[in-house]
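Student: The numbering of the sequence shown is UniProt numbering, which starts it at 1 and goes up by one.
Even for Gly, the Cβ is constructed at its ideal location relative to N, Cα and C.
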Amino acid sequence: MGTATIQCIILLACIAIYCIYCRADYLYCLLLPAVTRCLCNKPIQAVNSSLIAQVTPYEPRAYCNKQEVIVTLKNGTTKCLDPGSAFTKKLLQVRQ
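1. Report the three-state DSSP secondary structure of V47 (helix, strand or coil).
2. Restricting to Cα atoms, I'd like to know which of Q93, A4, C80 and I9 is closest to P43.
3. Please identify the residue among Q96, N75, L91 and L92 whose C-alpha is closest to the C-alpha of residue 114.
4. What are the boundary residues of the beta strand (DSSP E) that includes T72?
5. Identify every residue that forms a DSSP beta bridge with R61.
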């Protein structure tokens, strides 16, 4: 094997070990240089539920130690909801 092949194998092994060690989501592990902090800075308490197209909850991860809930609205915009608010808790119960 050539030097370049060995270097490539070592690099892939290091990335795999890092992903396993950090227990990162596969997608976020691949995007790790771009995603190194929480997704929500200022979550809101509620949003008009008739405008919600999709709800995506995120559990704490290697690079963000808090739960986050992101809703995609029908117009394509996203909003961060406070996971501790009564609205968000009820929304998650209904959507599951």
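Tutor: Result, derived from the coordinates:
1. Here residue 47 corresponds to residue number 47 of the sequence shown, with the count starting at 1. V47 falls in the coil class under three-state DSSP.
2. As a position in the sequence shown, residue 43 is number 43, starting the count at 1. Out of Q93, A4, C80 and I9, C80 has the C-alpha closest to the C-alpha of P43.
3. Not covered by the structure: residue 114. The range shown for the chain is 1 to 96.
4. Start at 1 with the first residue of the sequence shown, and residue 72 comes out as number 72. Segment E68 to L73, the beta strand (DSSP E) holding T72.
5. Translated into positions along the sequence shown, residue 61 becomes position 61. Answer is C64.
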